[in-house]
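Residue numbers (the working numbering): 347 to 862.
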């Protein structure tokens, strides 16, 4: 073994170990899926308050958003509360175990557990406030007061919950018998609650105060938002339903064609789809381990911790940009810089082998390859949805998620949205498809059958996202991406598919986030 081979082998082992530890560490983190479900419920609650003038629309609203909507929302919030309570118990047990074990825990290990504990505690407070308002809507007043008092009791022991405790105290007073109006109640409710829940609390406040003018204005604003919520739900569900129906139809056709045409079918990936690979495993390890996992992730760390803070300070950007814009611009800039560094490593690694064989990194616009990307997107929809449903049963709300998803769900600034779109729908598809489909998949066909190379490259692609709960869905998406590339031989197809996938995900997040 040469010195270079020894170094690459050592780096591969260390990188694999670090990825494994990161994946195991993500198990302690909550998924975003629970937040997505609650955000959709919040949007449905707003839409359920819609009062159209036309009888046909009233009938449609009752059919779509009847009284059962509130019961379903109540059940969903109760289920979410149970999951959060269970996860909090597990986190506290793990924290106790760390403090009692003979080998002291690292500061980072303890801090991560405490951060997750604080996040889940804040979520528990929010769930109690909202659950109480849903119970009050269903005339379950005693249960509502119990939910709010639970948040109030926690706030007396936890300094971080003081704001939630104040809101809980106001809600308990408003639904008291007789009701009372604490000082500064309106401002607290306006700033601490969102969407349907804020409207219900303010509605009770104005009724108790006898402020009919404020009540009328509140209802008028709510009707505008309710109508907007209906359109948003039609958009989200319409896109999902169309994608699911078209995707299922496409999968049925592909399965029929597989049995009808045998080896000549679209789904067959045999040795005819192999690439000519002029290098050995050293170059594969050099590009994937050194170029992607080390250069890219290290580059992001350096960009976020050194380069961007210097640029922000030098140009005084913090004074002219909001925090959310700075965060979004930082994410885009750090990704672009790190991706450029990773691609540079790949370019230099392959320089001795130029000119490359004809079918390497082929990228051409137009033609049927556009249809490969579009068709691959529709085929991926039912597959990933099905795997995701199974995934939820496996991880029970744990396993982590891409942090950009949570930021995008909360952000409604259009500059930030544009930065997220450029990162997720342009930069990520270009970089990741050049690395995983453009380079890794063809290189692996030197050692594996084509279908094996597709699966193996998809697993590496999934694990590179460092979230345990996303491994199965992303590996499924990666298999579709790999199949599309192996058949089309044009990087345009998987890049288009990847861009459509990330773009539709971001669209759903922005629409759901607007319910707040």
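Backbone N, C-alpha and C fix where the C-beta goes; we use that ideal spot for every residue, glycine too.
For residue 770, which residues from the same chain have a beta carbon less than 6 Å from its beta carbon, with the 5 sequence-adjacent residues on both sides left out?
Cβ neighbours of residue 770 beyond the five flanking positions: 848 and 852.
Alpha carbon to alpha carbon, how far is residue 721 from residue 387? Give it in angstroms, no decimals.
If I take the Cα positions, the gap works out to 31 Å.
Specify, as a first and last residue, the run of the alpha helix (DSSP H) that residue 362 falls within.
Note, residue 362: alpha helix (DSSP H), 349 to 372.
I'd like to check one pair, residue 781 with residue 361: are the Cβ atoms closer than 8 Å?
No, these two residues do not count as a Cβ contact at 8 Å.
In this structure, how does DSSP classify residue 590 when only helix, strand and coil are distinguished?
Here residue 590 sits in helix by DSSP.
What ranges does the alpha helix (DSSP H) occupy inside the segment 588 to 654, keeping only unbroken runs of at least 4 residues that lie completely in it?
Complete alpha helix (DSSP H) runs here, min 4: 627 to 631 and 643 to 648.
Please classify residue 577 as buried or exposed, where buried requires at least 16 other C-beta atoms within 10 Å of its C-beta.
Counting Cβ neighbours within 10 Å, residue 577 comes out exposed, since fewer than 16 surround it.
Return the CA-CA distance between residue 599 and residue 516, expressed in angstroms with no decimal places.
The straight-line gap from Cα to Cα measures roughly 59 Å.
Roughly how far, in whole angstroms, is the beta-carbon of residue 564 from the beta-carbon of residue 539, given that I think they are within contact range, below 8 Å?
So it is not a contact: roughly 13 Å between Cβ atoms.
Given 8 Å as the limit, is there contact between the segment 796 to 808 and the segment 823 to 837, that is, 3 or more CB pairs closer than that?
Cβ pair count under 8 Å is three or more, so yes.
Helix, strand or coil, according to DSSP, for residue 540 in the structure here?
Looking at residue 540 - three-state DSSP - the assignment turns out to be coil, as it is neither helix nor strand.
Are residue 839 and residue 715 close, meaning C-beta to C-beta below 8 Å?
Cβ distance < 8 Å, so residue 839 and residue 715 count as in contact.
Within 10 angstroms of the Cβ of residue 419, are there 16 or more other Cβ atoms? Answer buried if so, exposed if not.
By the neighbour-count rule (16 or more Cβ atoms within 10 Å), residue 419 is buried.
Along the chain, where does the alpha helix (DSSP H) containing residue 831 start, and where does it finish?
Where residue 831 is concerned, the enclosing alpha helix (DSSP H) stretches over 817 to 834.
Can you give me the start and stop residues for the alpha helix (DSSP H) that residue 500 sits inside?
Residues 487 to 503.
Quick check on DSSP: helix, strand or coil for residue 460?
The answer is helix: DSSP assigns residue 460 an H, G or I state.
Report the option in 417, 629 and 570 whose CA atom is closest to the CA atom of residue 355.
If we check each option's Cα against that of residue 355, 629 comes out closest.
What's the C-alpha gap between residue 835 and residue 712?
Approximately 13 Å between the Cα atoms of the pair.
Taking 8 Å as the CB-CB cut-off, is residue 528 touching chain D?
In the structure shown, chain D does not exist; there is a single protein chain.
For residue 441, which residues of its own chain have a beta-carbon under 8 Å away from its beta-carbon, when the five flanking residues on both sides are left out?
Here the set comprises 456, 459, 460 and 463.
Would you mind reading off the limits of the alpha helix (DSSP H) that contains residue 926?
Since the first and last residues shown for the chain are 347 and 862, residue 926 lies out of range.
Tell me which residue opens and which closes the alpha helix (DSSP H) that residue 811 is part of.
Looking at the DSSP string, residue 811 is not in any alpha helix (DSSP H), and its letter there is neither H nor E.
Taking 7 Å as the limit between beta carbons, can you name the residues of its chain near residue 710, skipping five residues before and five after?
Closer than 7 Å at the Cβ level, and outside the excluded window around residue 710, lie 836 and 838.
State the Cα-Cα distance for the pair residue 513 and residue 535, rounded to the nearest angstrom.
Cα to Cα, the separation comes out at about 7 Å.
Nearest-angstrom Cα distance between residue 859 and residue 741?
Each residue's alpha carbon lies about 24 Å from the other.
Classify residue 607: buried if its beta carbon has 16 or more other beta carbons within 10 angstroms, exposed otherwise.
Looking at its Cβ environment, which holds fewer than 16 other Cβ atoms inside 10 Å, residue 607 is exposed.
If we ignore side chains and look at the alpha-carbon of each, how far apart do residue 472 and residue 597 end up?
The alpha-carbon atoms of residue 472 and residue 597 are separated by roughly 42 Å.
Taking 8 Å as the limit between beta carbons, can you name the residues of its chain near residue 411, skipping five residues before and five after?
Here the set comprises 390, 393, 394 and 396.
In terms of residue numbering, what span does the alpha helix (DSSP H) encompassing residue 741 cover?
Looking at the DSSP string, the run of the alpha helix (DSSP H) that includes residue 741 is 715 to 741.
Contact between the segment 518 to 527 and the segment 479 to 492 is defined here as three or more beta-carbon pairs at a separation below 8 Å; is this criterion met?
They touch, by the three-pair rule.
Express the C-alpha separation of residue 575 and residue 760 in angstroms, rounding to a whole number.
Cα to Cα, the separation comes out at about 19 Å.
Using only the alpha-carbon positions, how far apart do residue 674 and residue 381 sit?
Roughly 20 Å between the two C-alpha positions.
Along the alpha helix (DSSP H) that carries residue 407, what are the first and last residues, could you check?
Where residue 407 is concerned, the enclosing alpha helix (DSSP H) stretches over 401 to 410.
When you compare the CB positions of residue 423 and residue 477, do they come within less than 8 Å of one another, or not?
Yes, the Cβ-Cβ distance between residue 423 and residue 477 is below 8 Å.
Need the endpoints of the alpha helix (DSSP H) that residue 847 sits in, please.
First-last of the alpha helix (DSSP H) with residue 847: 838 to 859.
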